[in-house]
Amino acid sequence: MAVDAGLLRELGSVLGPGLLSTPEACVAYECDALTAHRHPPDLVALPTSVEQVQQIVRACHRHSVPVVARGSGTGLSGGALPVAGGLLLVLSRLDEILEVDPRRGLARVQPGVTNLAVSEAAAPYGMYYAPDPSSQVACSVGGNVAENSGGVHCLKYGLTVHNVLAVKLVTMEGELLALGSETGETPGLNLLAAVIGSEGLLGVVVEVTVRLLPIPRRVELLLAAFDDVGRCAEAVGQVIAAGIIPAGLEMMDAPAIKAAEAFARCGYPLDAQALLLCEVDGLPADVDDEIGRARALLEAAGATSVRVARDAGERHRMWSGRKSAFPAVGRLAPDYYCMDGTIPRRHLADVLAQIAALSAIYRLDVANVFHAGDGNLHPLILFDAGKDGELERAERFGAAILEACVAAGGTVTGEHGVGVEKLGPMCSQFGSAELETFHALKLAFDPAGLLNPGKAVPTLARCADYGALRVHGGQLPHSHLPRF
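In this note's numbering, the protein residues as written are 1 to 484.
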């Protein structure tokens with residue numbers, strides 16, 4: 001659509017070459033890592049300062065132009081998908097580490113800084129930043145705040161919300177708000193927690209203060225192989241019930257094991273139907289005790305083999321298979337669809353069995369690799385988008401998995417967010433009163449409804465459509481993106 005000439009002049013004077021408006025320049029930003037959903041942006045802004053961000057959103061507010069904030073584009077739910085007639089605000093050039101203070105145990109960073117860069121900057125002080133998504137070498141802290149990302153160590157150290165002390169947020173009117181504090185305690189409502197995981201609906205994050213932790217004195221990694229997926233899943237609950245809280249407790253099934261081993265050469269047992277990676281860290285005496293207890297528990301739970309990484313090099317190789325599992329599975333089929341639902345640990349075996357049954361119903365293979373310790377599932381549905389109907393079948397399969405998660409007492413997302421992908425299943429998890437409350441919070445921050453419209457929280461009309469389609473076994477088309 002035609003872009004308002006007045007807005008173009010205003011933004012051009014602020015950004016110069018940092019404003020992209022031609023189709024050729026903008027097409028690179030048409031989607032995030034959920035590539036099934038694409039929409040070329042009309043405008044792309046690449047600010048280099050907080051002041052520029054404020055000027056951009058003020059101009060868009062005056063011209064009633066929607067704004068979608070984007071980080072590194074590694075999101076998996078379409079949260080950074082451009083909207084028609086809107087501006088895509090790309091924050092990747094705000095990439096400075098403003099402060100690292102080991103005495104106060106914190107770092108202040110701009111939103112374009114990658115997760116891994118924070119830990120690298122803190123390492124000389126014997127500290128690190130705990131959240132470590134598999135994409136941590138590329139994903140940005142600002143994007144993690146938007147989606148409340150986690151990673152393989154979230155069982156012990158929590159998600160982004162547990163590791164962020166404060167943010168600075170630009171509202172749609174251009175006001176700069178400071179939420180939270182370096183002490184972690186503030187009077188009044190906890191608006192910081194509301195912003196983390198809000199997917200860009202409430203404001204544009206321009207600075208984040210994160211908590212740094214001391215690097216553990218000792219780390220040990222145990223790999224347990226099982227000949228049955230159900231027994232492996234049940235072993236997860238047994239470890240936690242014994243009072244052992246691993247730093248990470250990850251599970252993979254046979255297809256994921258084979259793909260990861262072929263890709264990363266990490267020493268996984270190819271005859272296993274499932275494996276657990278159990279990492280324990282802390283003081284040396286505590287680690288000795290917990291790794292011994294965990295080993296005994298897993299052997300008693302039916303593990304066919306249990307081994308501890310001999311050294312840091314082998315531990316790194318073991319983790320490299322898990323962290324490269326998503327790209328590794330890409331070798332098994334032309335395309336895959338990564339889901340993200342969370343369930344109570346006690347239902348792991350049952351829901352995995354349901355996923356296997358759904359795989360037969362939808363005639364699509366699936367590989368499971370996930371954060372078993374906190375029940376955050378990441379089934380990878382394999383399909384070929386070049387074959388008629390397979391993408392739609394994969395999406396129906398994914399929606400059925402999320403419905404199973406909700407039925408088990410879980411949620412439709414653990415760390416990937418809702419975006420445009422899970423608007424339908426959100427209608428199963430929340431009732432109309434809850435959805436109306438979400439919309440009210442959104443409007444309190446953004447009365448004009450211009451920030452990332454149509455994402456994360458479905459309209460009641462959308463839910464009515466979704467309910468009718470569920471009755472008839474149908475599905476909403478990609479183009480049906482509801483507006484606030």
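The beta-carbon is built from N, C-alpha and C at its ideal position, and this holds for glycine as well.
Nothing here was measured: the structure is a model prediction, and the numbers come from that model.
| Check | Outcome |
| --- | --- |
| Range of the contiguous alpha helix (DSSP H) that encloses I291 | P284 to A300 |
| Inter-residue CB distance, Q55 and V14 (contact presumed, cutoff 8 Å) | 5 Å |
| Within the segment 113-176, ranges of the beta strand (DSSP E) (whole runs, at least 3 residues) | 164-170 |
| Three or more C-beta pairs below 8 Å linking the segment 231-239 and the segment 137-149 | no |
| CB-CB length for S149 against L159, believed under 8 Å | 7 Å |
| Alpha-carbon spacing of R310 relative to L213, whole angstroms | 25 Å |
| Entirely enclosed alpha helix (DSSP H) segments - the segment 420-474, minimum 4 residues | 423-429, 432-445 and 460-472 |
| Contact set for G174: own chain, Cβ-Cβ below 6 Å, skip 5 residues either direction | Q54, V57 and R58 |
| Supposed contact pair V170 and L179 - C-beta distance, whole angstroms, cut 8 Å | Their Cβ separation, rounded to whole angstroms, is 12 Å, which puts L179 and V170 out of contact at 8 Å. |
| Alpha-carbon to alpha-carbon, D42 and T22 | 8 Å |
| Cβ shell of F263 (< 6 Å), same chain only, five flanking positions each side left out | S324 and A328 |
| Inter-residue spacing [alpha-carbon to alpha-carbon] between M252 and G398 | 18 Å |
| C463 versus H378: straight-line alpha-carbon distance, rounded | 25 Å |
| Which of helix, strand or coil DSSP assigns to A407 | helix |
| Buried or exposed (CB count within 10 angstroms, at least 16 for buried), E390 | buried |
| Own chain partners of E314 with C-beta closer than 6 Å, once the 5 adjacent residues on each side are dropped | none |
| One or two residues paired with D384 in a DSSP bridge | D384 pairs with nothing; no bridge assigned. |
| Cα-Cα separation, G467 to C427 | 8 Å |
| Simplified DSSP state of H480, which is helix, strand or coil | Low local confidence applies: a pLDDT of 38 at H480 is under 50, so the model's placement there is unreliable, with the coordinate-based value given in what follows. In the structure shown, H480 sits in coil (DSSP, three-state: anything other than H, G, I, E or B). |
| Residue from A5, E185 and E182 with nearest C-alpha to H63 | A5 |
| Sequence-distant residues of the same chain with beta carbon closer than 6 Å to D446, five excluded per side | M172 |
| Inter-residue Cα distance where the pair is A121 and G71 | 20 Å |
| Rounded separation between E415 and E24 - CA only | 32 Å |
| Inter-residue spacing [alpha-carbon to alpha-carbon] between R331 and L382 | 10 Å |
| Within 7 Å, strictly: CB atoms of V68 and L88 | yes |
| Sequence-distant residues of the same chain with beta carbon closer than 6 Å to Y29, five excluded per side | P41, V44 and L88 |
| Residue from L192, C338, A461 and V90 with nearest C-alpha to L34 | C338 |
| Euclidean distance between Cα positions of L443 and D289 | 52 Å |
| DSSP three-state assignment for A367, whether helix, strand or coil | strand |
| contact_flag[the segment 96-104, the segment 74-82] where n(CB pairs < 8 Å) is 3 or more | no |
| Counted within 10 angstroms of its Cβ, other Cβ atoms place P477 as buried (16 or more) or exposed | At P477, the pLDDT of 41 sits below 50, so the modelled position is not reliable and the matter cannot be decided from this model. |
| C338 - containing beta strand (DSSP E), residue span | D335 to C338 |
| Contact set for L8: own chain, Cβ-Cβ below 6 Å, skip 5 residues either direction | none |
| Spatially closest choice to L435 from A456, L451, Y125 and A448, by CA coordinates | A456 |
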